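Below: one structure, written as structure tokens.
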Amino acid sequence: TYDAETTAYLQKLDQLIRQKGIGISIFHYTMWVENWVGRRYYLNWLGGLWIPYASHNPVDTWKMSPFKVEHPVLRGVKPWSFRDEVFSRYFLFDNPKRTELMEGTPSNRNNGAQRPVSWVYERPDGGRSFVWGGSDFHDNMHNVEGYRRYLLNGIIWTAKIDVPAEGVAAPAPPEL
Numbered sequence: 749t750y751d752a753e754t755t756a757y758l759q760k761l762d763q764l765i766r767q768k769g770i771g772i773s774i775f776h777y778t779m780w781v782e783n784w785v786g787r788r789y790y791l792n793w794l795g796g797l798w799i800p801y802a803s804h805n806p807v808d809t810w811k812m813s814p815f816k817v818e819h820p821v822l823r824g825v826k827p828w829s830f831r832d833e834v835f836s837r838y839f840l841f842d843n844p845k846r847t848e849l850m851e852g853t854p855s856n857r858n859n860g861a862q863r864p865v866s867w868v869y870e871r872p873d874g875g876r877s878f879v880w881g882g883s884d885f886h887d888n889m890h891n892v893e894g895y896r897r898y899l900l901n902g903i904i905w906t907a908k909i910d911v912p913a914e915g916v917a918a919p920a921p922p923e924l
């Protein structure tokens, strides 16, 4: 477990998130929680879990494909490929409030098979969560428009802002 101070902090944070229906968007390494107490909070907040050493996060060239579901986060999003470290092999227990949105396929079969790498979760408290397993190689933000659009759509959906029919405009940021 955590020490008393950390446990009290997590309890207050959880209470605030639930009372206010606060949205949570979480990317890449922020899914890494070593402690089972923290993992229970994550499971409640995010509707799924990545467990170190049981899950997977290989660097590879990934093909990202939206699942065939209707969801605002997928507006204007087309499949893309990029090289990145992607957190995958999540523990996704049956949960009707979670919608898996993006499937990742690594080019190297030794790195696994097609798996969900992103989802949204509509929490019982009315809050929303968006989980994305990539975002390690930051140059992808500049180079891959579909990726930028997908992240922007997910962030504004989490904030309860309407996602435009064509998705959020995603022009390339200035050179890094």
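If you count by my numbering, then the sequence shown holds residues 749 to 924, one letter each, in order. Note that CB positions come from ideal geometry on N, CA and C, so glycine has one too. No experiment lies behind these values; they were computed from the predicted model shown.
Would DSSP call residue i helix, strand or coil?
| i | result |
| --- | --- |
| Arg863 | strand |
| Asp762 | helix |
| Lys768 | helix |
| Asn783 | coil |
| Ala913 | coil |
| Asp751 | coil |
| Ser886 | At residue 886 the sequence reads His, which differs from the Ser that was named. In the structure shown, His886 sits in coil (DSSP, three-state: anything other than H, G, I, E or B). |
| Ala918 | coil |
Taking all protein chains shown into account, decide if residue i is buried (16 or more other Cβ within 10 angstroms of its Cβ) or exposed.
| i | result |
| --- | --- |
| Tyr790 | buried |
| Phe878 | buried |
| Trp784 | exposed |
| Ser836 | buried |
| Leu794 | buried |
| Leu822 | buried |
| Asp808 | buried |
| His886 | exposed |
| Ser855 | exposed |
| Asp832 | buried |
| Leu899 | buried |
| Tyr838 | buried |
| Thr853 | buried |
| Val817 | exposed |
| Glu851 | buried |
| Glu848 | buried |
Need the endpoints of the beta strand (DSSP E) that residue i sits in, please.
| i | result |
| --- | --- |
| Thr847 | 846 to 854 |
| Met779 | It is not in any beta strand (DSSP E) - Met779 carries neither H nor E in the DSSP assignment. |
| Arg831 | 828 to 833 |
Identify the continuous alpha helix (DSSP H) that holds residue i and give its terminal residues.
| i | result |
| --- | --- |
| Asp873 | Here Asp873 belongs to no alpha helix (DSSP H), and DSSP marks it neither H nor E. |
| Ile772 | No alpha helix (DSSP H) holds Ile772; the beta strand (DSSP E) holding it covers 772 to 775. |
| Gly902 | 893 to 906 |
Where DSSP assigns a beta bridge to residue i, which residues make up the other side?
| i | result |
| --- | --- |
| Tyr869 | Arg846, Ser877 |
Residue ranges of each beta strand (DSSP E) within the region 789 to 842, 3 or longer: 807 to 814, 828 to 833
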